[in-house]
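In this text, residue positions in the sequence shown follow UniProt numbering: the first is 1, and each later residue adds one.
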Amino acid sequence: MQEQDFRTKSNQTVFGVRATALIVKDNRLLVVEDEDGFYTIGGAIQVDEATGDAVVREVKEELGVASRAVQLAFIVENRFEQAEVHYHNIEFHYLVDLLEDAPLTMQEDAKPLPCRWLALDDLHTVNLKPSFLKTALPDWDGQLRHIHLKE
């Protein structure tokens, strides 16, 4: 039986609650590359699932490796439009340590996508989503930050 997650759609707006992994090693961020940019690992939180557990589950599902959530870095209210659909996400961005070596591909449904390590100082030069990470992550002071985005 598939678990129920925190996503709902009303008209042309999707509301969701997500957990995202900020996998940083040697001053580089692990991202997934898709045709329209770079993304962090993550996905919808399931009903009755803690956000830290959700991010560990997402890393296992998408990268196939064990991890642990180290610290909640950002809580983000993110509103944006993609393919004529409006999204309103509440996002929990965790620093995550991998307990195994990172793979070179991520599995999204039946489609493998390449993974890359990007230097934190170079994030501003790429199409990273969500875009607040381009400046917030390299400048992060270790304190939990609450961010409101409207793109």
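All residues carry an ideal CB built from backbone N, CA and C; glycine is no exception.
When DSSP states are grouped into helix, strand and coil, T13 belongs to the strand group.
Residue range 28–34 is occupied by the beta strand (DSSP E) that includes E33.
About 16 Å separates the CB atoms of H146 and T135; that is not less than 8 Å, and the two are not in contact.
Less than 7 Å divides the Cβ of T20 from the Cβ of G42. The C-beta separation of A119 from N27 comes to about 6 Å, placing the pair in contact by the 8 Å criterion. Looking from the CA of Q71, the closest CA among T105, D53, E33, V126 belongs to D53.
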